[in-house]
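K.L.:
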Amino acid sequence: QSALTQPASVSGSPGQSITISCIGTSSDVGGYNYVSWYQQHPGKAPKLVIYDVSNRPSGVSNRFSGSKSGNTASLTISGLQAEDEADYYCSSYTSSSTVVFGGGTKLTVL
Amino acid sequence: QVQLQESGPGLVKPSETLSLTCTVSGDSLSSYYWSWIRQPPGKGLEWIGFIHYTGSTNHNPSLKSRVTISVDTSENHFSLKLTSVTAADTAMYYCVRGVRVYAHDYWGQGTLVTVSS
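Structure below.
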């Protein structure tokens, strides 16, 4: 299985909105509404911020939202804050009943 | 509060078997999905595999038949065995709980395993 494709880096200023894309195929992202997103700060374990494309776990800020169109899923963070600076990973369920991750995106808050 | 804690050797020799255990507290293994995910130093996340208490299990095909994941509900822990390790298996290994196979809501702190002679 091939990794999902994410941009290596994105950046934005405090208060702005940014969107991170996650490109897959019809065998993973495009075939199911089973996409998750994780936030990982340096030296820490990842944290689930979105699952099932657009659902937020309890306790996750509503500044985080997810969507999907075709084979591309997206994570949008609105009202960017310094604490949002982290690495972000998407993942998807696949037609082989496995899970595949994206390569990760480093978000820099300017 | 759900907590997961990985345990096992931090150093494994090439060609040997990596064995890790994840002890779960605050929850029962008789629900949810229990997985292993790893992250090589400075790199991204890689899904290793999952097990459900029903015995259903699957793993990353890129790891071929080297992976075995098992669960012991009486001891409330689950385990990972990865055979014939090489330097490419050096990574931080995380045990995780999943509300879905693909949605992991609780993570252990991770344990660094280095493969070296």
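Taken in sequence, the protein lines are chains A and B. Residue numbers for the first sequence follow our numbering, so the first one is 289 and each next one is one higher. Residue numbers for the second sequence follow our numbering, so the first one is 1345 and each next one is one higher. Backbone N, C-alpha and C fix where the C-beta goes; we use that ideal spot for every residue, glycine too.
1) With H, G and I counted as helix, E and B as strand and the rest as coil, what does DSSP make of aspartate 372 (chain A)?
2) Go ahead and pull the three-state DSSP assignment for leucine 1389 (chain B).
3) Go through its chain and collect everything with a Cβ distance to serine 314 (chain A)'s Cβ below 8 angstroms, but skip five positions before and after it.
4) Work out the CA separation of serine 324 (chain A) and tyrosine 1377 (chain B) for me, nearest whole Å.
5) Could you please give the first and the last residue of the uninterrupted beta strand (DSSP E) stretch that includes glutamate 1350 (chain B)?
6) Could you compute how far the alpha carbon of glycine 1442 (chain B) sits from the alpha carbon of cysteine 378 (chain A)?
7) Is the separation between the beta-carbon of threonine 393 (chain A) and that of valine 317 (chain A) shorter than 8 angstroms?
8) Ends of the beta strand (DSSP E) at alanine 361 (chain A)?
9) Would the beta-carbon of tyrosine 1437 (chain B) fall within 8 angstroms of that of glutamate 1350 (chain B)?
10) Look up valine 397 (chain A) in the DSSP assignment and give the residues it is bridged to.
11) I want to verify the contact list: residues of chain B whose CB lies under 7 angstroms from the CB of phenylalanine 389 (chain A), in sequence order.
12) From which residue to which residue does the beta strand (DSSP E) around alanine 1435 (chain B) run?
13) How about threonine 376 (chain A): is its C-beta nearer than 8 angstroms to some C-beta of chain B?
14) Nearest to serine 1372 (chain B) by alpha carbon, out of B:Ala1431, B:Gln1453, B:Val1415, B:His1448?
15) At a Cβ threshold of 8 angstroms, is glutamine 304 (chain A) touching chain B?
16) Hey, how far is the Cα of threonine 1427 (chain B) from the Cα of glycine 347 (chain A)?
17) When Cβ atoms are compared, which residues of the region 317-333 of chain A fall closer than 7 angstroms to chain B?
P.N.:
For this structure:
1) helix
2) coil
3) Asn359
4) 15 angstroms
5) Element bounds for glutamate 1350 (chain B): 1347-1351.
6) 15 angstroms
7) no
8) 360-365
9) Against a cut-off of 8 angstroms, the Cβ pair of glutamate 1350 (chain B) and tyrosine 1437 (chain B) comes out as a contact.
10) A:Gly300
11) Gly1388, Leu1389, Glu1390, Trp1391
12) 1435-1444
13) It is tyrosine, not threonine, that sits at residue 376 (chain A) in the sequence shown. Output row for tyrosine 376 (chain A): interface = no.
14) With distances taken between Cα atoms, serine 1372 (chain B) lies closest to B:Val1415.
15) no
16) 39 angstroms
17) Tyr322, Ser324, Ala333
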